[in-house]
Amino acid sequence: MEKMARFFSFQASKMGRLRPPHVILTLILLFASFLRLYKVEQYMTFLGDEGRDMLAIYDILHGHLTLLGPASSVGGFFLGPIYYYFAAPFLYLSKYNPVGPSIMVALFGIATVFLVYKIGKEFFGERAGLIASFLYAISPVVIIYSKSSWNPNIVPFFSIVTLYLLYKGIARNKKLFLIGSGFSFGILMQLHYLASFMGVVMFLYVAATAFLGHSDRFINKAMRFALNSISVFLGFVMGFLPFLLFEFRHDLLNTKNILRFILSSEETGLGISFVPQVWHVFERLFAGLVANYPLPAHFYEYSNGALFLWMVFAIILAVLSTTLFVSLLRKGDVFSKKSLFLFLWFFVPLVLFGFYNKDVYDYYLGIIFPLPFLLVGNFVSKLWETRFRNINPSLMRLSAVLLLGILAFMSLHNTPVKRGQNQQVKQIRDISNLVLSTAGERPFNFAIVTGGNSDYAYRYFFKLAGKEPTVIETPALDPERKTVTDQLLIVCETLPCEPLGQAKWEIAGFGRSEIDAEWNFSVVKIIRLKHFRENE
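Under the numbering used here, the sequence shown has 32 at position 32, and the numbering climbs by one with no breaks.
Next up, the structure:
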């Protein structure tokens, strides 16, 4: 009995240490997990890019290692392969179901929710951290990018890790943290090249913390800057090593293309669009991510009046949150490590986006995804705490609760879980199986007619089935035309579909042909072509 009493006493003491914020954080993380993992296979995106990644990961799992990752969306250069190696265990554990890497992305997304809380708590207080993590957890834009396998989708996680380790390394003078920050940045640079903006943030932060706010001699400041920079650089080389190995083996091919893109491309540079672009990014951060303001493609779903009030609300929230943030910086030591950390992380990428003269998509903002939530979380928290002489404190708290409720409603009302399931994995799998059954045991060529997709998703399921189509080579590579089979199966994703006379090589390379048969299935049409024969 005495042992049992001690046991229950121990359990009670542990429960007593379970503070309400920990309970709230646990509930937030559980809710974030539900929003990201609920029927993930039915909601995830699985099109050409995802199919391309699955093929690359499949090859890695079968011994064909690579030092090159997916192509960048702009500039004509390639990323590093780290995303493929991250995703490989998950594809293997899911028995090559594409849902495996999507689950990995969701887990990174859930971890990012916790990191938003961690940063918010340390820089603005526990209440602000909880509010920021809650808003981040339920943001529809963030959820969408946390439910599908794609290399930019884990950028927010590594952005936080990179900068937080940098901050901790300098604040505590821990070189191991600085090496870890550089290593994380090396990974980040293999996920999306706009992560290079973070490199500017890191350089300015290391320089500012070394030279500003210190009274010692210049030589000591320079030594501090050099040692910290070397630590970060060593970590970066280790994290970026796979890509560097490829570059050294191929005469710095991608590096040259990147420099050419930055220095001579019309897509970058200072122009008359600089200020509008900065404003667009600022507006999208708060209106799109926090207030869930729709993209232009969805304007038709709302009245002009509703859209106007929605945007006004989002802009007011953005201005107030940013103004409070700047005022807090001014009240404290502007050169303190905390102040510089947040100031540079927010404003440097914002300015750098102004030099990018093309459309800025939401996923480009992954490097600063957490920041608007942190600033709004801080604003709502301060609204709760603020005391005015002639205003009842309960009224301020009610205002904070009301504001948080409005933001929660805006996000949860349009949460992706409430939308229809796209069932893209099942649809692509079923179409691929129908193509294979139509082809029978004979060799076949394959093509798709589409408005912008590629055929990698279908080819992934063909590979899993062990029945890959024959790729038609050019006459220079195949003068005897042995790669042209007696049947070409076409999936028409856009209707009406007229494959005869198409200039697309996969169809034109088949030669003069005629329709042998066609089937309507789901949202596509499958057409089989055979070689044309003159009537006798």
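Where is the CB? At the ideal position from N, CA and C, for every residue including glycine.
For residue i, the nearest candidate out of the options (CA to CA)
i: residue 232; options: 168, 212 and 248; result: 168
i: residue 377; options: 286, 358 and 96; result: 286
i: residue 111; options: 383, 95, 158 and 326; result: 158
i: residue 43; options: 382, 307, 419 and 350; result: 419
i: residue 339; options: 290, 95, 208 and 504; result: 208
i: residue 192; options: 224, 156, 221 and 202; result: 156
i: residue 537; options: 520, 460 and 512; result: What the structure shows of the chain is the stretch from 1 to 536, and residue 537 is not part of that stretch, so it cannot be assessed.
i: residue 399; options: 215, 462 and 385; result: 385
i: residue 278; options: 307, 380, 365 and 330; result: 365
i: residue 467; options: 480, 281 and 436; result: 436
i: residue 176; options: 223, 220, 235 and 513; result: 235
i: residue 202; options: 223, 217 and 180; result: 180
i: residue 323; options: 353, 273 and 382; result: 382
i: residue 537; options: 313, 311, 337 and 342; result: Residue 537 lies beyond the stretch modelled for the chain, which goes from 1 to 536, so this question has no answer here.
i: residue 518; options: 504, 533 and 497; result: 497
i: residue 503; options: 450, 219 and 465; result: 450
i: residue 354; options: 67, 283 and 475; result: 283
i: residue 321; options: 346, 88 and 172; result: 346
i: residue 423; options: 454, 446, 522 and 218; result: 522
i: residue 493; options: 516, 520 and 296; result: 520
Residues near residue i by beta carbon distance below 6 Å, same chain, minus five either side
i: residue 387; result: 393
i: residue 362; result: 141
i: residue 200; result: 348
i: residue 244; result: none
i: residue 318; result: 286
i: residue 80; result: 69, 190, 242 and 243
i: residue 258; result: 77
i: residue 304; result: none
i: residue 54; result: 98 and 460
Supposed close pair residue i, residue j - CB separation, criterion 8 Å
i: residue 585; j: residue 434; result: Lying before the first or after the last residue shown, residue 585 is absent from the chain, which here runs from 1 to 536.
i: residue 431; j: residue 490; result: Incorrect: roughly 12 Å between the Cβ atoms, too far for contact.
i: residue 541; j: residue 469; result: Outside the modelled stretch of the chain, which goes from 1 to 536, sits residue 541, for which no answer is possible.
i: residue 32; j: residue 113; result: 5 Å
i: residue 137; j: residue 28; result: 5 Å
i: residue 281; j: residue 380; result: Actually they do not touch by this definition, with Cβ atoms about 22 Å apart.
i: residue 108; j: residue 100; result: Rounded, the Cβ-Cβ distance is 13 Å, inconsistent with contact.
i: residue 204; j: residue 344; result: 5 Å
i: residue 473; j: residue 483; result: 5 Å
i: residue 299; j: residue 307; result: 6 Å
i: residue 116; j: residue 370; result: 5 Å
i: residue 532; j: residue 514; result: 5 Å
Beta-carbon proximity list for residue i, same chain, < 7 Å, skipping 5 on both sides
i: residue 228; result: 170, 178, 206 and 210
i: residue 457; result: 46, 47, 48, 50, 51 and 428
i: residue 438; result: 489, 526 and 528
i: residue 367; result: 155, 159, 194, 195, 197, 198 and 349
i: residue 21; result: 126 and 130
i: residue 421; result: 39, 42 and 43
i: residue 406; result: none
i: residue 417; result: 35 and 38
i: residue 495; result: 525
i: residue 120; result: 128, 129, 132, 133, 374 and 377
i: residue 313; result: 291
Sheet register partners of residue i (DSSP bridge)
i: residue 519; result: 526
i: residue 514; result: 530
i: residue 446; result: 489
i: residue 71; result: 78
Same chain, Cβ closer than 8 Å to residue i, five either side skipped, listed in chain order
i: residue 63; result: none
i: residue 19; result: none
i: residue 102; result: 40, 41, 44, 147, 148 and 149
i: residue 153; result: 105, 108, 109, 145, 146, 363 and 366
Inspect the CB distances between the segment 135 to 150 and the segment 33 to 49 and report whether three or more fall short of 8 Å. yes
Would you be able to state if there are at least three C-beta pairs under 8 Å between the segment 168 to 185 and the segment 239 to 258? yes
Quick one: any contact between the segment 153 to 169 and the segment 52 to 65, if contact means 3 or more CB pairs under 8 Å? no
Counting pairs of Cβ atoms below 8 Å between the segment 364 to 375 and the segment 121 to 132, do you hit three or more? A contact between stretches requires three or more CB pairs, one per stretch, nearer than 8 Å, and the segment 364 to 375 meets this requirement with the segment 121 to 132.
Do the segment 406 to 422 and the segment 288 to 296 touch if we need at least three Cβ pairs shorter than 8 Å? Touching, yes.
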